[in-house]
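Engineer:
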Amino acid sequence: MATRATDPLAPLDVNLSGFTGPDAGADQPFSKNPRKLWQVSRLGSPLDLEQVSTARRSGFTGGKQRGSKLLAARAGMLSELQELLWAHVAGAPIADQRAVNAALAARVPRRSPAEAQRRSELFSPEVEEQLKQLPRGPRILLVLQGMDASGKGGVVKSVGGAMNPLGVDVAAFGRPTAAQRRQHYLERVIAQLPEPGHVGVFDRSHYEDVLVPAVSGSHSEDQVAERVETLLLFEQELARRGFVIIKVMLHLSPQEQLARLLSRLDSEHKQWKYDPSDADARAQADTYLRVYAALLEATDAAYAPWHVIPADRKWYARLAVQELLIAALADLNLRWPPADYDIEAERRRLLE
Numbered sequence: 001m002a003t004r005a006t007d008p009l010a011p012l013d014v015n016l017s018g019f020t021g022p023d024a025g026a027d028q029p030f031s032k033n034p035r036k037l038w039q040v041s042r043l044g045s046p047l048d049l050e051q052v053s054t055a056r057r058s059g060f061t062g063g064k065q066r067g068s069k070l071l072a073a074r075a076g077m078l079s080e081l082q083e084l085l086w087a088h089v090a091g092a093p094i095a096d097q098r099a100v101n102a103a104l105a106a107r108v109p110r111r112s113p114a115e116a117q118r119r120s121e122l123f124s125p126e127v128e129e130q131l132k133q134l135p136r137g138p139r140i141l142l143v144l145q146g147m148d149a150s151g152k153g154g155v156v157k158s159v160g161g162a163m164n165p166l167g168v169d170v171a172a173f174g175r176p177t178a179a180q181r182r183q184h185y186l187e188r189v190i191a192q193l194p195e196p197g198h199v200g201v202f203d204r205s206h207y208e209d210v211l212v213p214a215v216s217g218s219h220s221e222d223q224v225a226e227r228v229e230t231l232l233l234f235e236q237e238l239a240r241r242g243f244v245i246i247k248v249m250l251h252l253s254p255q256e257q258l259a260r261l262l263s264r265l266d267s268e269h270k271q272w273k274y275d276p277s278d279a280d281a282r283a284q285a286d287t288y289l290r291v292y293a294a295l296l297e298a299t300d301a302a303y304a305p306w307h308v309i310p311a312d313r314k315w316y317a318r319l320a321v322q323e324l325l326i327a328a329l330a331d332l333n334l335r336w337p338p339a340d341y342d343i344e345a346e347r348r349r350l351l352e
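According to UniProt numbering, the residues represented by the sequence shown are 1 to 352, in order.
1) For a test of the three-state rule: what should DSSP assign to W306, helix, strand or coil?
2) Are the CB atoms of G217 and D169 within a distance shorter than 8 Å?
3) Please list the terminal residues of the continuous alpha helix (DSSP H) segment that includes G76.
4) Are the beta-carbon atoms belonging to P196 and G160 less than 8 Å from one another?
5) Please classify G59: does DSSP put it in a helix, a strand, or coil?
6) Classify Q82 as buried or exposed, calling it buried when 16 or more other Cβ atoms lie within 10 Å of its own Cβ.
7) Buried or exposed: Y207, going by 16 or more other Cβ atoms within 10 Å of its Cβ?
8) Tell me the DSSP secondary structure of F173 in three-state form.
9) What separation, rounded to the nearest whole angstrom, lies between the Cα atoms of A298 and G62?
10) Under 8 Å, do P338 and Q236 count as touching if we go by C-beta distance?
11) Taking 6 Å as the limit between beta carbons, can you name the residues of its chain near V143, skipping five residues before and five after?
12) Within the continuous alpha helix (DSSP H) that includes R188, where are the two ends?
13) So, with DSSP's three-state summary, where would you put K270?
14) Could you check the C-alpha separation between L211 and S120 for me, to the nearest Å?
15) Under a three-way DSSP split, which group does D286 fall into?
16) Go to residue 366, then tell me how far its alpha helix (DSSP H) extends in each direction, as first and last residue.
17) Hey, out of R240, H184 and H307, whose CA is closest to A102's CA?
18) Mapping the DSSP letters down to three states, classify G25 as helix, strand or coil.
19) Taking 6 Å as the limit between beta carbons, can you name the residues of its chain near L84, skipping five residues before and five after?
20) Mind checking who A162 pairs with in its DSSP beta bridge?
21) Here's a check: name, in chain order, each residue in its chain whose Cβ is nearer than 6 Å to the Cβ of H88, leaving out the five neighbours to either side.
22) Taking 8 Å as the limit between beta carbons, can you name the residues of its chain near R349, skipping five residues before and five after?
23) Among the residues of its own chain, which have a CB less than 6 Å from the CB of L134, if the five just before and after it don't count?
24) What are the boundary residues of the beta strand (DSSP E) that includes L141?
25) Note down the Cα distance separating D129 from R188, rounded to an integer number of angstroms.
26) Spell out a yes or no on whether the segment 268–281 and the segment 221–229 are touching, meaning 3 or more CB-CB pairs, one atom from each, closer than 8 Å.
27) Determine, for A330, whether the minimum Cβ-Cβ distance to residues of chain B falls below 8 Å.
28) According to DSSP, is F234 part of a helix, a strand, or is it coil?
29) Where do the N-terminal and C-terminal ends of the beta strand (DSSP E) with L250 fall, by residue?
30) Give me the Cβ distance between V308 and V52, rounded to the nearest whole Å; I'm assuming they're in contact under 8 Å.
31) Per DSSP, V168 is paired with what?
32) Let me know the secondary structure DSSP gives Q183 once reduced to three states.
33) Give the secondary structure of A301 by DSSP, where H, G and I count as helix, E and B as strand, and everything else as coil.
34) Between which residues of its own chain and D7 is the CB-CB distance below 7 Å, once the five residues before and five after are set aside?
35) Does the structure place the segment 319–327 close enough to the segment 31–39 that three or more beta carbon pairs sit under 8 Å?
36) Measure the C-alpha to C-alpha separation of P176 and G153 and round it to an integer number of angstroms.
Encoded structure:
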């Protein structure tokens with residue numbers, strides 16, 4: 001029987017012979033537990049992002065050369081763990097699958113009548129139906145947030161690219177279309193969620209539906225508070241259905257952001273990345289940071305913790321996100337599915 005874990009990224013209480021994960025081996029990049037190193041809960045309350053370093057190499061000794069080598073070296077472990085997740089969903093014994101599903105669900109408070117009532121007020125019937133149709137089973141959802149040029153796309157390319165693309169679902173959320181604006185804002189998000197056995201990566205996410213209205217002032221404080229509550233209930237339901245949620249804010253300094261935006265204008269190969277709205281958002285950077293800080297604190301949960309990762313050094317941010325993925329996959333404590341056929345008999349058949 002799975003017990004409710006107090007550490008959101010502790011190994012699951014499942015009696016499987018699983019992968020040892022990032023705590024073992026001389027190649028472990030960080031001197032401290034990567035599951036906790038960047039957690040927003042360790043940054044004090046109320047959170048003040050202006051006081052949080054954007055350049056500190058927390059838990060890491062060495063420079064870019066060592067970091068880049070470790071990023072490449074650890075990519076093999078990430079790829080193997082992703083395949084293990086896929087194999088578990090595709091071929092693990094039913095008893096193992098049920099045990100993992102039960103342990104994942106046990107990390108989240110059980111659904112109460114009060115929650116059901118609140119969901120009926122905050123969710124649309126279409127959202128409830130979409131959630132009801134989600135299959136149960138373990139999968140990873142990596143949420144990447146950050147100011148323009150903070151490196152979200154680079155993380156997707158460098159870290160996500162180490163995994164088998166057939167098992168990685170990447171979605172980028174920009175401005176909603178006219179059709180999407182007529183729907184509940186969660187509908188387009190649910191449509192992009194990964195299947196069991198997959199790793200999903202959101203380049204921006206459902207948090208834009210709180211961040212942008214709060215900064216622009218298009219929604220009242222009560223409306224913004226309702227959206228925050230909606231996201232908490234939404235992620236609770238995802239976790240019950242087997243989602244392991246890793247939320248990352250890539251924290252970039254104004255000086256480094258300016259340099260990166262100017263480099264886009266200076267290169268014809270990067271000009272397509274620039275949008276005039278980037279300058280508008282930069283002019284509101286202080287407001288964005290205040291809203292981000294309040295949003296991260298309000299939506300930080302044991303089953304979906306936030307991590308604030310210094311992003312002035314691209315290689316460091318990528319290494320940190322990679323290690324969070326490795327930890328989350330390893331902590332599922334999965335094992336390779338045993339063969340359900342006679343191995344030696346099949347060997348003989350092939351040789352004959």
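Each residue gets a CB set at the ideal place from its N, CA and C atoms; glycine is no exception. A quick note: this is a predicted structure, and the numbers were derived from the prediction, not measured.
Structural biologist: In short, the structure shows the following:
1) Strand.
2) Their beta carbons are not under 8 Å apart, which means D169 does not touch G217 by this criterion.
3) Where G76 is concerned, the enclosing alpha helix (DSSP H) stretches over K64 to G91.
4) Taking the C-beta atoms as reference points, G160 is found no nearer than 8 Å to P196.
5) Looking at G59 - three-state DSSP - the assignment turns out to be coil, as it is neither helix nor strand.
6) By the neighbour-count rule (16 or more Cβ atoms within 10 Å), Q82 is buried.
7) With 16 or more other CB atoms across the displayed protein chains lying within 10 angstroms of its CB, Y207 is buried.
8) Coil.
9) Distance from the CA atom of A298 to the CA atom of G62, rounded to whole angstroms, is 34 Å.
10) No, Cβ-Cβ distance for P338 and Q236 is not below 8 Å.
11) Here the set comprises F202, S205 and K247.
12) For R188, the uninterrupted alpha helix (DSSP H) segment begins and ends at E187 to I190.
13) If DSSP states are grouped into helix, strand and coil, K270 belongs with coil.
14) Taking the straight line joining both Cα atoms gives about 23 Å.
15) Here D286 sits in helix by DSSP.
16) No information on residue 366 is available, as it lies outside the stretch 1 to 352 that the chain covers here.
17) When C-alpha distances from A102 are compared across R240, H184 and H307, the shortest belongs to R240.
18) Residue confidence for G25 is low, a pLDDT of 47 falling below 50, so the modelled location carries little weight; the figure read from the coordinates is stated next. Here G25 sits in coil by DSSP.
19) These residues qualify, in order along the chain: L334.
20) None; A162 has no bridge partner.
21) Around H88: L334.
22) Taken in chain order, the list of residues that qualify is empty.
23) Result list for L134: R241, in chain order.
24) Counting along the chain, the beta strand (DSSP E) containing L141 begins and ends at R139 to G146.
25) Reading off the sequence, residue 129 comes out as Glu, not Asp. C-alpha separation (whole angstroms): 13 Å.
26) Short answer: they don't touch.
27) Here chain B cannot be found, since the structure has a single protein chain.
28) Annotated three-state conformation of F234 is helix, per DSSP.
29) Segment F243 to H251, the beta strand (DSSP E) holding L250.
30) V308 to V52, Cβ: 6 Å. Contact.
31) For V168, which the question treats as bridged, DSSP gives the partners V199.
32) Coil, per DSSP.
33) Of the three classes helix, strand and coil, the one that applies to A301 here is strand, per DSSP.
34) The pLDDT assigned to D7 is 44, lower than 50, so where the model puts this residue is not dependable; a value taken from the coordinates is nonetheless given after this. Excluding positions up to five away in sequence, the list is empty.
35) Taking 8 Å as the limit for Cβ pairs, the verdict is that the segment 319–327 does touch the segment 31–39.
36) Whole-angstrom Cα-Cα distance: 19 Å.
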